[in-house]
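First the structure, in the form of structure tokens, and then the observations on it.
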Amino acid sequence: MEATTVATAVSVTAWMREASAAVAAEADHLTQLDSAIGDGDHGVNMTRGFTAVVEAVDGSEEPPGKQLILAGKTLVSKVGGASGPLWGTALRRAGRAVGSAEALEGAQLVEALSAGLAGVVELGAAEPGDKTMVDALAPAILALRAALEEGAPLDAAVGAAADAAEAGARATVPMQARKGRASYLGERSVGHQDPGATSTAVIVRALGRALVPAG
Ligand code: ADP
Ligand code: MG
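The numbers in this note's numbering rise by one with no breaks, and the one at position 116 of the sequence shown is 97.
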């Protein structure tokens, strides 16, 4: 009988590769969303940033925390728009939270993403409901933590997190933007989905394709 392997950890290099591919595949859509309430560069920004991240971390044998820090630094240096520093800070903080752990398992993933979210909020001061990436990332973390606490396996928990991120992104449609470029539009930002929340859901969904046995 074949041994079954259970995926209990996230491979950071696989996550960055999957995120990069998914962001590139969604680039036109992200740009379209950003053209409606921003300056139309979000798809290009995210694609450029994550392409550089993959080049930086691919083949790396470093522990996951160090890889996340490198990914974050790369985003900060390669992306000019708001999303570069925001996602860059998120991944750097996530990496610091993981520390020298050998594997990024469920509990550390919750800690890492929570630290990343705290970094985003510290830098950008967005609250839930301000129509930003926080509206996708915050519910994703809540769903991930809740699923793991209920004893769900990591793949199911990560799936629940991605569902929550997508629902969070859709929920930005009726919101009025209070942070970032879209806030300049005031009430005219209502009726459009936030590009950063949308790409955040794409990146969280990519986690589900980056799961490996912890070893
Ligand atoms: P820019 O707005 O500089 O052109 P991008 O288009 O790459 O940058 O990213 C826009 C996204 O960044 C928004 O859709 C929003 O989700 C996110 N964002 C902007 N400002 C903030 C903030 N202060 N806090 C959290 N997220 C923000
Ligand atoms: Mg933009």
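Idealized CB from N, CA, C, for every residue including glycine.
The ligand MG never approaches Arg169 closely enough for any of its heavy atoms to be under 7 angstroms from the residue's Cβ.
Minimum Cα-Cα distance from Thr153 among the listed residues Gly172, Leu49, His10, Val35 corresponds to Gly172. In the pairwise beta carbon analysis, the region 92 to 110 is classified as touching the region 57 to 75: at least three pairs are separated by under 8 angstroms. Relative to the non-hydrogen atoms of the ligand ADP, the Cβ of Pro134 never comes closer than 7 angstroms to any of them.
The bridge partners DSSP lists for Ala(-10) are Glu86, Val193. Inclusion of Leu49 and Val4 in the CB contact set at 8 angstroms is not warranted, their separation being larger than that value. 8 angstroms or more divides the Cβ of Glu42 from the Cβ of Ala191. Between Pro66 and Ser164, the alpha-carbon positions lie close to 18 angstroms from each other. In its chain, beyond the 5 residues on either side, Val171, Gly172 have a beta carbon closer than 8 angstroms to the beta carbon of Pro155.
It is roughly 17 angstroms from the alpha-carbon of Val101 to the alpha-carbon of Lys59.
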